[in-house]
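In this note's numbering, the protein residues as written are 337 to 705.
Here a beta-carbon is modelled for each residue, glycine too, at the ideal position from N, C-alpha and C.
Keep in mind that this is a model prediction, so the values were computed, not measured.
Here's the structure we're looking at; comments come further down.
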Amino acid sequence: MSEPVIRFTRGVPPPETFPKERLAECACAVLEKYGDVVLQYGPSAGFTALRQWIAAESGVEESRTIIGQGSLHLQDMLARVLLEPGDVAYVEEPTYDRTVTLLRRSGARVVGFPLGAEGPDVEEMERRLKDGERPKLFYVIPDFQNPSGMVIPLETRRCIAELAREYDFWIIEDSPYRRLRYAGEDVPALFDLCPERTVRMSSFSKLISPGLRVGYAVLPAPLTKPLLKYAEDSYINPSYFNQAIVYEYIQRGYLDEALPFLKSLYAPRLQAALNALDREMDGLADWVRPQGGFFVSVVLRTAVDADSLLDAAAKAGLILSDGRGFYVERDGSRFIRLPFCALTVEEIELGIQRLAQVVRELTTETARR
Ligand SMILES: Cc1ncc(COP(=O)(O)O)c(C=O)c1O
337 MSEPVIRFTR GVPPPETFPK ERLAECACAV LEKYGDVVLQ YGPSAGFTAL RQWIAAESGV
397 EESRTIIGQG SLHLQDMLAR VLLEPGDVAY VEEPTYDRTV TLLRRSGARV VGFPLGAEGP
457 DVEEMERRLK DGERPKLFYV IPDFQNPSGM VIPLETRRCI AELAREYDFW IIEDSPYRRL
517 RYAGEDVPAL FDLCPERTVR MSSFSKLISP GLRVGYAVLP APLTKPLLKY AEDSYINPSY
577 FNQAIVYEYI QRGYLDEALP FLKSLYAPRL QAALNALDRE MDGLADWVRP QGGFFVSVVL
637 RTAVDADSLL DAAAKAGLIL SDGRGFYVER DGSRFIRLPF CALTVEEIEL GIQRLAQVVR
697 ELTTETARR
């Protein structure tokens, strides 16, 4: 096996993006300025100044914001507050695997809508709604989706907003990658199209550091009270200290400075992945061409045995996630997620070269049988 091993597995930011010195400076300032507040218990909704910043960004009152220990934590609480055993939860397919786990843990029957060039199949969604299915929520990652990299076009977002109004379900819009756009224009958020039925979720994990565990939600007014009560009963309050560090970081203009740096680091990595796919995988697979985020994904043209693919890749020095893990009802054996942000251009090129070779060998072998 040729070195080094290339890991196309976790969608994490690389350590060279962690602003250690600036965070140390902010931590000291926070203790000086807000020490008595951040070292004490407090209300479950989070550090007030950061809530105000989030509220101003979304144009809502502060009372509709909550900050949690990462956005996944808030998703879990929302699922526990909104879902009864047997309730239906809609998701895109493929989707973020951890969310499927937590929806199921809250007793939901999870129904997936396949992603195509226009985003999730809203015609199929409408058919099921017309047939009488009544989901509690639709969990959707409209911007640079994890795992596919897909952005949902405006027309499909409008349809989702209309369906949510007509059939009375919540849209959980999870958008941690929205601010990492390297080219092109933002598409209006579902929150902007249907604020009364949309929970907007985001996080500082991909913009500052996942280890800080600071994520947030902007809630439709009826959901705030039950969620805040659930939070208070579960952990009293989240870490104010980390939230205040994030606030101080923003106030000092460091987030505004970090964004161009992150984009200038990630954009060439994305381009390298797309160039390598064009060069190596032509005819073997189809892929989306994202303009931001952390992920490119490919769908193989020929069926392969997923376990054989993972094994053969590992033998070739390439560690892949199991594509089936991102699917709820359909078979994801042909789906491969390629997180590119934490790899260098050379690693991305080598990884995709190995992938093409493994796929070529496997598909020839399958055809021979
Ligand atoms: C779509 C999506 N939602 C949520 C999360 C978790 O984010 P956080 O670190 O804020 O819990 C991730 C992390 O990769 C993600 O990709």
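DSSP three-state assignment for residue i, whether helix, strand or coil
i: F344; result: strand
i: V366; result: helix
i: V476; result: strand
i: T680; result: coil
i: V396; result: coil
i: L598; result: helix
i: I544; result: coil
i: F662; result: helix
i: R670; result: coil
i: T702; result: helix
i: D647; result: helix
i: P558; result: helix
i: E429; result: strand
i: V635; result: strand
i: Y513; result: coil
i: G378; result: coil
i: D569; result: helix
i: D622; result: strand
i: P471; result: strand
i: Q388; result: helix
i: L611; result: It should be pointed out that residue 611 corresponds to Asn in this sequence rather than to Leu. Helix at N611.
i: D528; result: helix
i: A580; result: helix
Cβ-based neighbour list, residue i, same chain, cut-off 7 angstroms, excluding 5 preceding and 5 following
i: Y583; result: F383, A385, L386, W389
i: Y518; result: K599, Y602, A603, L606, Q627, G628
i: S541; result: G406, P512, G551
i: E398; result: R387, Q388, A391
i: I684; result: R605, A608, A609, A612, F676
i: E532; result: P556
i: T586; result: Correcting the residue identity first, residue 586 is Ile in this sequence and not Thr. Correct list, in chain order: W389.
i: S442; result: A415, R416, L419
i: Y370; result: A580
i: P574; result: G382, I403, G404, Q405
Option in the options with minimal Cα separation from residue i
i: V341; options: V695, R690, T699, T702; result: R690
i: D433; options: A363, Q481, I402; result: Q481
i: G653; options: A678, V694, T680, F631; result: V694
i: E697; options: L645, V366, V535; result: L645
i: L451; options: A621, G485, G629, R533; result: G485
i: E393; options: T437, M537, G455; result: M537
i: R346; options: V632, E460, P489, P355; result: V632
i: D423; options: A649, R660, L620, K472; result: K472
i: V535; options: W506, Y590, P596, E521; result: W506
i: A648; options: L610, A609, E701; result: E701
i: G661; options: K356, V417, P430, A381; result: P430
i: L359; options: S570, L543, S380; result: L543
i: I520; options: Y503, L414, V487; result: Per the sequence shown, the amino acid found at residue 520 is Gly instead of Ile. The option with the nearest alpha carbon to G520 is V487.
i: L764; options: V640, L595, R445, T353; result: Here the chain comprises residues numbered 337 to 705, so residue 764 is not present and cannot be evaluated.
i: P546; options: E339, D643, V348; result: V348
i: V380; options: K561, R588, D372; result: Looking at the sequence provided, one finds Ser at residue 380 rather than Val. It is K561 whose Cα lies nearest to the Cα of S380.
i: E420; options: L375, E460, R470, L465; result: R470
i: D641; options: F354, G668, F527; result: G668
i: T353; options: L679, V458, T699; result: L679
i: P524; options: P478, L564, E616, G395; result: P478
i: R670; options: T699, E682, L636; result: L636
i: M461; options: D569, L367, E502; result: E502
i: L563; options: V458, D592, R400, E339; result: R400
Any non-hydrogen atom of ligand 2 closer than 7 angstroms to residue i Cβ
i: A391; result: Among the ligands modelled here, namely ligand 1, ligand 2 does not occur.
Cβ-based neighbour list, residue i, same chain, cut-off 6 angstroms, excluding 5 preceding and 5 following
i: I572; result: Y377
i: S657; result: T345, R673
i: A553; result: I402, L410, V535, M537
i: E665; result: G448
i: T638; result: T699
Cβ neighbours of residue i in the same chain (closer than 8 angstroms, five flanking residues each side left out)
i: N578; result: L548, R549, V550
i: L613; result: A621, W623, V632, V634, I688
i: T435; result: L408, Q411, V427, Y475, D510
i: E491; result: E454
i: L438; result: L408, Q411, D412, A415
i: A500; result: F474, W506, I507, C530, R533, T534
Sheet register partners of residue i (DSSP bridge)
i: Y450; result: Note that residue 450 is Pro in the sequence shown, not Tyr. Answer by DSSP bridge pairing, in chain order: E429.
i: P675; result: F631
i: P456; result: L451
i: A656; result: A small fix is needed here, since residue 656 is Leu in this sequence, not Ala. Note: L656 sits in a beta bridge opposite F344.
i: S538; result: Y552
i: D592; result: DSSP lists no partner for D592.
i: T401; result: V554
i: E445; result: Correcting the residue type first, residue 445 is Arg in the shown sequence and not Glu. Bridge partners of R445: V424.
i: W506; result: L473
Any chain B beta carbon closer than 8 angstroms to residue i
i: F662; result: Absent from the structure is chain B; it holds one protein chain and no more.
**Prompt:** Whose CB is closer than 6 angstroms to a heavy atom of ligand 1? List the residues in chain order.
**Reply:** G347, G406, S407, L408, Y432, I477, N482, D510, P512, S539, S541, P546, G551
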